[in-house]
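I have placed the structure first, in the form of structure tokens, so that the comments after it can refer back to it.
In this note's numbering, the protein residues as written are 6 to 145.
Written as structure tokens, this is what we have:
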């Protein structure tokens with residue numbers, strides 16, 4: 006689940022998704038086998054939107070995953086990114102910012118070097134989605 010300081014920040018600075026969309030987004034996340042007790046699940050289903058922060062623009066993940074030609078699917082099919090990863094940013098940048106749904110880590114790979122992912126060689130790694138959000142929104 007999301008840490009309280011993150012919830013407080015999001016509630017103060019942004020709005021939550023309407024309940025009917027929250028239900029739709031939850032179904033989409035479950036389709037991708039995202040743990041419903043994870044911070045990622047709560048963030049995407051409740052606060053889905055675009056956010057600008059320390060590492061650029063997080064795009065609207067729930068809306069994207071709801072489409073047939075979403076960024077994550079493109080990365081899986083064209084870049085052979087393992088299925089455990091969900092993209093947090095669009096393809097307009099050369100960087101990869103990926104959520105690992107198996108261990109809830111977030112990894113950053115800069116300069117389009119996706120081969121680093123195959124070797125678990127990341128430019129930056131956060132040990133939890135909460136840790137990533139605190140850094141992204143500069144809450145520490």
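All C-beta atoms, glycine included, are put in the ideal place defined by N, C-alpha and C.
Assumed close pair residue i, residue j - CB separation to whole angstroms, cut-off 8 Å
{"i": "residue 121", "j": "residue 107", "result": "Not a contact, Cβ separation roughly 18 Å."}
{"i": "residue 50", "j": "residue 31", "result": "5 Å"}
{"i": "residue 8", "j": "residue 145", "result": "Not a contact, Cβ separation roughly 11 Å."}
Local conformation of residue i per DSSP, three classes
{"i": "residue 52", "result": "helix"}
{"i": "residue 129", "result": "strand"}
{"i": "residue 111", "result": "strand"}
{"i": "residue 104", "result": "strand"}
{"i": "residue 142", "result": "coil"}
{"i": "residue 7", "result": "coil"}
{"i": "residue 21", "result": "coil"}
{"i": "residue 37", "result": "coil"}
{"i": "residue 13", "result": "helix"}
{"i": "residue 124", "result": "coil"}
Per DSSP, cross-strand counterpart(s) of residue i
{"i": "residue 117", "result": "Partner(s): none; residue 117 has no beta bridge."}
Closest by C-alpha distance to residue i, when choosing among the options
{"i": "residue 125", "options": "135, 103, 20 and 140", "result": "103"}
{"i": "residue 6", "options": "29, 98 and 40", "result": "40"}
{"i": "residue 132", "options": "109, 117 and 140", "result": "109"}
{"i": "residue 112", "options": "98, 92, 44 and 99", "result": "92"}
{"i": "residue 128", "options": "34, 101 and 78", "result": "101"}
{"i": "residue 60", "options": "46, 80, 68 and 95", "result": "95"}
{"i": "residue 25", "options": "19, 58 and 33", "result": "33"}
{"i": "residue 1", "options": "20, 15 and 69", "result": "In the structure displayed, the chain extends from 6 to 145; residue 1 sits before or after that span and is not available."}
Ordered list of beta strand (DSSP E) runs contained in the stretch 41-99, each at least 3 residues: 56-58, 61-63 and 90-92
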